[in-house]
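**Student:** Residues in the sequence shown are numbered consecutively from 63, following this note's numbering.
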Amino acid sequence: MFEETRPYNDSEIPAAISRLASHPYFPIVCSYLFPHQEIGYLRTEFSKITSVKEFQDKVMYKLLTATIEKTTAGFSYSGTEGLSDSNKCTFIGNHRDIVLDASLLQYALYCSNLDTSEITFGDNLMKGDFVTDFGKINKMFRIVRGGNIRDFYKNSMEVSSYMRYAITEKNQSTWIAQRNGRTKDGLDKTEPGVLKMLAMSSDKDFVDNLTELNLTPVAISYEYESCDFLKTQELYVSRYQQYQKAPNEDFNSILRGITQPKGQVSMVITPSITKEELEKCDLFQKSEKYNILAKIIDKRIIRNYKLYKNNYIAYDLLQDSPVFSNNYTAAEKNNFIEYMHSGIDKIMGDKDELTAIFLGIYANPVKNMLMH
């Protein structure tokens, strides 16, 4: 059941672990995780892992701890106190980094002694045995991108049915992004189509259908936006032509997102969407119901998005105004400007336009806040 979609179960772990341990990428990952350990010893220890739980205990927790310690100035989270393993959620989060958004949610759940969730992972990223095995061991399930209208409907129904099965039959929470692909311009906005996709696997009425999924918005904020200069370049090119990804661009973005300095990182797991809120949405016509629900989710995420000094600096630079100058010092402003130029100077194109795009990525969360 759901053979092409689901993550691995425990009986499949030993074979997958064996494939990972013999892969050429294995020493590279280990050098990051365990820089002082001999690779042969690590292969032996790794081969002893026989379950998803062991993998998350021995590998993922250490990987995320190392990532937080090496690349952030601190990771804070809140909202786990409102969760329970007896009441699973469909986490729906803003999407800034390909891997870390959902991974840091798992870290917060793990540190709160809660069961980790399953995670959507695009088939465009599940390329190559190493990434596929690593993802499926770590409770990631496949979501197929693209295709014609018939394929799109079939694939949407598959992932919708699986996510409902996970929460109602497997007693597993799941995570999905609020939109298809990362937010590149800093404007977090829920796509109503994602909500329609979640609902399409049930014949229940709108309220009962989505109440069953227990939609729980999650807001994540990075002081330094993940892959900010890569996003600037993509947005710039997209203004003049259709953007074509380079070979291995997604994988390189994953590595960049994990390894680049992030400054402070904040995550807020907001209260779940209530039945009463769904009933208010249900007062509208069919398609409008989902638009109203998307706005409720947006408001949850935007109001819990943590604005950092970089956001305020970028806003003031774009507006040529000191309106938020109490939120940063002159030195911090100069440091941000130097950081911006260090990346913009390496991108081909009109520097003024590139600068405006880059500043927009950081300033748009402030604009969102002002609108809500």
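Even for Gly, the Cβ is constructed at its ideal location relative to N, Cα and C. If you're wondering where the values come from, they're calculated on a predicted model, not measured in any experiment.
So for Glu-400, helix, strand or coil by DSSP?
**Tutor:** Residue 400 sits at position 338 when you count from the first residue of the sequence shown. Here Glu-400 sits in helix by DSSP.
**Student:** Specify the secondary structure class of Leu-345 as computed by DSSP and reduced to three states.
**Tutor:** Within the sequence shown, numbered from 1, the residue matching residue 345 stands at position 283. It is coil, neither helix nor strand.
**Student:** If you reduce the DSSP assignment to three classes, tell me which class Met-259 lands in.
**Tutor:** Within the sequence shown, residue 259 is the residue found at index 197, counting from 1. Helix, per DSSP.
**Student:** Which of the three DSSP states is assigned to Gly-190 in this structure?
**Tutor:** Numbered from its first residue, the sequence shown carries residue 190 at position 128. Looking at Gly-190 - three-state DSSP - the assignment turns out to be coil, as it is neither helix nor strand.
**Student:** Can you tell me where the alpha helix (DSSP H) with Arg-212 in it begins and where it stops?
**Tutor:** As a first step, residue 212 must be located in the sequence shown, where it is residue number 150. Looking at the DSSP string, the run of the alpha helix (DSSP H) that includes Arg-212 is 211-230.
**Student:** Return helix, strand or coil for Glu-285, following the three-state DSSP convention.
**Tutor:** Taking the first residue of the sequence shown as position 1, residue 285 is located at position 223. In the structure shown, Glu-285 sits in coil (DSSP, three-state: anything other than H, G, I, E or B).
**Student:** Candidates His-403, Tyr-139, Lys-357: which alpha carbon is nearest Met-433's?
**Tutor:** Here residue 433 refers to the residue found at position 371 when the sequence shown is read from its first residue. Nearest C-alpha to Met-433: Lys-357.
**Student:** Compute the Euclidean distance between the alpha carbons of Met-225 and Ile-282, then round it to the nearest angstrom.
**Tutor:** Position 163 of the sequence shown, counted from the start, is the residue given in the question as residue 225. Position 220 of the sequence shown, counted from the start, is the residue given in the question as residue 282. Roughly 22 Å separates the two Cα atoms.
**Student:** Please say whether Lys-201 and Ile-181 have beta carbons closer to each other than 9 Å?
**Tutor:** Sequence index remark: in the sequence shown, residue 181 carries index 119 (1-based). Sequence index remark: in the sequence shown, residue 201 carries index 139 (1-based). In this structure, Lys-201 lies closer than 9 Å to Ile-181 by Cβ.
**Student:** Can you confirm whether the region 170-189 touches the region 345-355 when touching is taken to mean that 3 or more C-beta pairs between the two stretches lie within less than 8 Å?
**Tutor:** Touching, no.
**Student:** For Pro-279, I'd like the list of residues in its chain whose CB is within less than 6 Å of its CB, leaving aside the five on either flank, ordered along the chain.
**Tutor:** Along the sequence shown, read from residue 1 onward, the residue named residue 279 stands at position 217. Ile-154, Thr-332, Ile-359, Arg-362, Ile-363.
**Student:** Just how far apart, CA to CA, sit Tyr-424 and Asp-378?
**Tutor:** Locating residue 424 in the sequence shown gives position 362, where the first residue counts as 1. Locating residue 378 in the sequence shown gives position 316, where the first residue counts as 1. Taking the straight line from one Cα to the other gives about 11 Å.
**Student:** Since I believe Pro-323 is in contact with Asn-373 (beta carbons under 8 Å), could you give me their beta-carbon distance rounded to a whole number of angstroms?
**Tutor:** If you number the sequence shown from 1, residue 373 lands on position 311. If you number the sequence shown from 1, residue 323 lands on position 261. That belief does not hold up - the Cβ atoms of Asn-373 and Pro-323 are roughly 16 Å apart, past 8 Å.
**Student:** Spatial neighbours of Phe-192 within its chain, please: CB distance less than 7 Å, with the 5 preceding and 5 following residues excluded, ordered by chain position.
**Tutor:** Working through the sequence shown from its first residue, we reach residue 192 at position 130. Same-chain partners within the cutoff: Leu-82, His-85, Tyr-87.
**Student:** Pull up the distance between the alpha-carbon of Ala-128 and that of Ile-101, whole angstroms please.
**Tutor:** The sequence position of residue 128 within the sequence shown is 66, counting from 1. The sequence position of residue 101 within the sequence shown is 39, counting from 1. Cα to Cα, the separation comes out at about 18 Å.
**Student:** Let me confirm a value: Leu-317 is counted as buried when at least 16 other C-beta atoms fall within 10 Å, else exposed. Which label applies?
**Tutor:** To locate residue 317, count along the sequence shown from 1; it is residue 255. So Leu-317 ends up on the exposed side.
**Student:** Near Lys-246, what residues of its chain come up, given a Cβ to Cβ distance below 8 Å and the 5 sequence neighbours on each side ignored?
**Tutor:** Here residue 246 corresponds to residue number 184 of the sequence shown, with the count starting at 1. Around Lys-246: Lys-293, Glu-296, Leu-297, Ile-423.
**Student:** Excluding five sequence neighbours on each side, which residues of the same chain lie with their C-beta closer than 6 Å to the C-beta of Ile-375?
**Tutor:** The residue you call residue 375 lines up with position 313 of the sequence shown. Answer for Ile-375: Tyr-390, Lys-395, Phe-398, listed in chain order.
**Student:** Here's the rule I'm using: 16 or more other beta-carbon atoms within 10 Å means buried, otherwise exposed. How should Gly-208 be labelled?
**Tutor:** Your numbering for residue 208 matches position 146 in the sequence shown. Per the 10 Å Cβ criterion, exposed.
**Student:** In angstroms with no decimal places, state the Cα-to-Cα distance between Pro-89 and Ile-335.
**Tutor:** For the purposes of this step, residue 89 is taken as residue 27 along the sequence shown, with counting starting at 1. For the purposes of this step, residue 335 is taken as residue 273 along the sequence shown, with counting starting at 1. If I take the Cα positions, the gap works out to 44 Å.
**Student:** Please go through the region 329-390 and give each complete alpha helix (DSSP H) segment of 4 or more residues, from N-terminal end onward.
**Tutor:** For the region 329-390, whole alpha helix (DSSP H) runs of length 4 or above, ordered along the chain, are 337-343, 348-365, 371-381.
**Student:** What number of angstroms, rounded off, separates the C-alpha of Leu-340 from the C-alpha of Leu-260?
**Tutor:** In the sequence shown, residue 340 corresponds to position 278, counting from 1. In the sequence shown, residue 260 corresponds to position 198, counting from 1. Taking the straight line joining both Cα atoms gives about 14 Å.
**Student:** Nearest to Val-161 by alpha carbon, out of Arg-301, Tyr-70, Met-122, Ser-138?
**Tutor:** In the sequence shown, counting from the first residue as 1, residue 161 sits at position 99. The candidate whose alpha carbon is nearest that of Val-161 is Met-122.
**Student:** For Val-385, is the classification buried or exposed, using 16 other Cβ atoms within 10 angstroms of its Cβ as the cut-off for buried?
**Tutor:** Translated into the one-based positions of the sequence shown, residue 385 becomes position 323. Val-385 comes out exposed.
**Student:** Enumerate, from N- to C-terminal direction, the unbroken beta strand (DSSP E) stretches of 3 or more residues contained entirely within the region 121-185.
**Tutor:** With a minimum length of 3 residues, the continuous beta strand (DSSP E) runs that stay inside the region 121-185 are 134-140, 152-155, 180-184.
**Student:** Can you tell me which residues form a DSSP beta bridge with Gly-325?
**Tutor:** Here residue 325 refers to the residue found at position 263 of the sequence shown. Gly-325 pairs with Thr-134.
**Student:** Going straight from the alpha carbon of Gln-381 to that of Lys-429, what length do you get?
**Tutor:** Residue mapping note: residue 381 aligns to position 319 of the sequence shown, counting from 1. Residue mapping note: residue 429 aligns to position 367 of the sequence shown, counting from 1. Distance between the alpha carbons of Gln-381 and Lys-429 is about 11 Å.
**Student:** Beta strand (DSSP E) containing Ile-205: first to last residue?
**Tutor:** Counting from one through the sequence shown, the residue named residue 205 turns up at place 143. Run containing Ile-205: 202-205, per the beta strand (DSSP E) assignment.
**Student:** Can you name the start and end residues of the alpha helix (DSSP H) that Thr-417 belongs to?
**Tutor:** Residue mapping note: residue 417 aligns to position 355 of the sequence shown, counting from 1. Counting along the chain, the alpha helix (DSSP H) containing Thr-417 begins and ends at 413-433.
**Student:** Would DSSP call Pro-279 helix, strand or coil?
**Tutor:** Working through the sequence shown from its first residue, we reach residue 279 at position 217. In this structure, Pro-279 counts as strand in the three-state DSSP scheme.
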